[in-house]
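Data first, discussion second: the structure below is written as structure tokens.
Protein chains in written order, with our numbering: chain A, 5 to 335; chain B, 5 to 335.
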């Protein structure tokens, strides 16, 4: 296993030490493994938290900051955080205006966030929840009832983060979150598997001449395997299922071309150059985009494509100021 | 070869199409393979250009923007751009205040930038040059007389970019560039080789249980190989040679923990968490840092460490506003 780690058991604790050491805009609760904004919360602001298994960095910890998340809970690699972590984060960030939980649709995450929301509610904190289930690759999966929650999560955190920052109340923020979730679709592919530190070997075998289409973010099976194709063909295999699933015409669309962690930027830009003409030919009005590593699967090589059908207000919120360690904003 | 490309011959052209498609703040001269700022240049501003072989993204193309570069020339993968590309960029960005060339110390780059500077000078453009040669791993190498130019380049482009933006003249900008170059040191290591698309196979073989210490940014040989160690030991092997080479005490220091392209962010943060205490124990005052992929080697797994001994003015310039597609700023 070729990884820059001390031991598989210490990966999360050690990585959180590094986050704290490098980024003065956040503080880390090491006991509960929660990353918070370092600056005091604004009075009356709805708080937004997310979290999930680690191994998808910069999501979610790198998305904590002004204009996005108030806190992120880090689970073990590819494993949901516990309800206790989520409860600690929820009660800590609440200042009376309520808390939005952003949850990717995986069975463990959904169950644990639900328990945390109930406990927080018992403690007098108003909680709303949005579940992201945007992966068009599979209807159900090993780890989900319904679609997996993937790339739309990143775009949603930006948009609703801006809404909370400008003072919208919990009902409005939650309704907006649901709208973004409903309007987002993703599709991914992998050239290689990934290696969970505790396992010490790749999650699945993928022969040297094969790629996996429809992969999720945990090395779970995709739709099918086939011989590695050129970037143009791969772009079509990402775009077509998304456009077949939802009508993305007639409104401004935000596009993310995301790397899975082991693919260099030169290839991600190249892929975006193949994806954009396909979208334009299909009549999609690409108003904004992100190209880079935002929701990853450890060292997996590959990429995913996410589209969110927006409106003028969502574009305005997309353009609002943001300051997090983990995000670059493209045009 | 597992890459998201169309064909090895088209990697650079296709990737530049993607850069242009994704980032409205730059424009691309496809014939000369130069990335420029899209907005008109400020009158009287010293222009700053860099460039080099492709495969190190986001450097240099992703560093074009307000507060950093005016233009970047993209060579073939790991191959210097031609003097003609550099001349085109130099004459295009000059507005009478002169042009600074930022050159990494590789024989081809140095020779070609020198020829371009002579031709530009003949055409009436005042050119100053800074050569970065900061890699403490080797004294000479396969591709250089003297040390290789690596990570300090990124930090230098930020600092002198800010100086040019605030209106400093060419002599001042060039002197500052030389000072940053003189005060920067780097050391890198690799867990894997990288694959140049045109070669189709890894540049060197590195057994599953071995790592290479003192690697450059082209898959060239390092200092030595040894069994893969834990992050703590690797951190020491990066920090010690740098501190042995130069006195980094007594002034604020800017630190970059850089990924080589195939290493995920979770491991880079973990490494920074190991590096920082070693620096602090040695009396180094770490004033600012960057953690992420800034100067990469295609899909190589590994990392490098760069330190620049700064002063209050360099820190002020470091903190100045910047807007590029390829950069995240940590604290």
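Ideal Cβ placement from N, Cα and C applies to all residues, glycine included. Predicted model, so just to flag it, every value in this text is computed and none were measured.
Item	Value
Below 7 Å CB to CB, which residues in the same chain sit around residue 114/B once its five sequence neighbours on both sides are set aside?	107, 135
Which chain A residues are close to residue 204/B, counting only those with a beta carbon under 8 Å from its beta carbon?	Here the premise fails: no neighbours, minimum Cβ distance about 12 Å.
Between the beta-carbon of residue 310/A and the beta-carbon of residue 159/A, is there less than 8 Å?	yes
Alpha carbon to alpha carbon, how far is residue 145/B from residue 205/B? Give it in angstroms, no decimals.	22 Å
With distances taken Cα to Cα, identify the nearest neighbour of residue 244/A among 222/A, 211/A, 287/A, 319/A.	287/A
What residues from chain B crowd round residue 61/A, counting only those whose CB sits closer than 8 Å?	268, 269, 270, 273
In whole angstroms, what separates the C-alpha of residue 222/A from that of residue 168/B?	45 Å
Measuring only the C-alpha atoms, how far is residue 174/B from residue 51/B?	9 Å
Going by DSSP in three states, residue 1/B sits in which element: helix, strand or coil?	Residue numbering for chain B in the displayed model covers 5 to 335; residue 1/B lies beyond these limits and cannot be assessed.
Looking only at its chain, what residues have a beta carbon closer than 8 Å to the beta carbon of residue 209/A, apart from the 5 residues adjacent to it on each side?	197
Taking CB distances under 8 Å as the criterion, tell me whether residue 258/A reaches chain B.	no
What in chain B is Cβ-close to residue 71/A, meaning under 9 Å?	Going along chain B, no residue has its Cβ under 9 Å from residue 71/A, so there is no contact; the nearest lies around 14 Å.
Sorted by chain position, which residues of the same chain lie with C-beta nearer than 7 Å to residue 334/B's C-beta, five sequence neighbours on each side aside?	In this prediction, residue 334/B has a pLDDT of 47, which is less than 50 and means its spatial position is unreliable; nothing more can be read from the coordinates.
Along the chain, which unbroken stretches of the alpha helix (DSSP H) at least 4 residues long are found entirely within the segment 72–158 of chain B?	87–97, 111–126
Could you please tell me which residues of the segment 293–304 of chain B, in chain order, have their CB closer than 9 Å to any CB of chain A?	293, 294, 295, 296, 297, 300, 301, 302, 303, 304
Taking C-beta pairs closer than 7 Å, name the residues in chain A that residue 25/B reaches, listed in chain order.	276, 277, 280
Tell me where the alpha helix (DSSP H) around residue 15/A begins and ends.	15–26
For residue 56/A, which residues does DSSP report across the bridge?	78/A
For residue 283/B and residue 260/B, I'd like the C-alpha separation in whole angstroms.	12 Å
Can you find a C-beta in chain B that's less than 8 Å from the C-beta of residue 319/A?	no
Across which residues does DSSP place residue 70/B in a beta bridge pair?	327/B
Assign residue 41/B to one of three DSSP states: helix, strand, or coil.	strand
Which residues in chain A sit within 9 Å of residue 195/B, going by Cβ to Cβ distance?	6, 7, 8
Determine the closest residue to residue 30/B out of 63/B, 70/B, 10/B, with distance taken between C-alpha atoms.	70/B
I want to see whether chain A comes within less than 8 Å of residue 58/B, judged by CB atoms only; does it?	yes
Name, please, each residue of chain B whose Cβ falls closer than 8 Å to the Cβ of residue 19/A.	270, 271, 273, 274, 277
Grouping DSSP H, G and I as helix and E and B as strand, with all else coil, what is residue 178/B?	helix
For the beta strand (DSSP E) containing residue 292/A, name the first residue and the last one.	289–296
Against residue 234/A, what residues of chain B qualify as contacts under a CB-to-CB distance less than 8 Å, listed in chain order?	9, 10, 11
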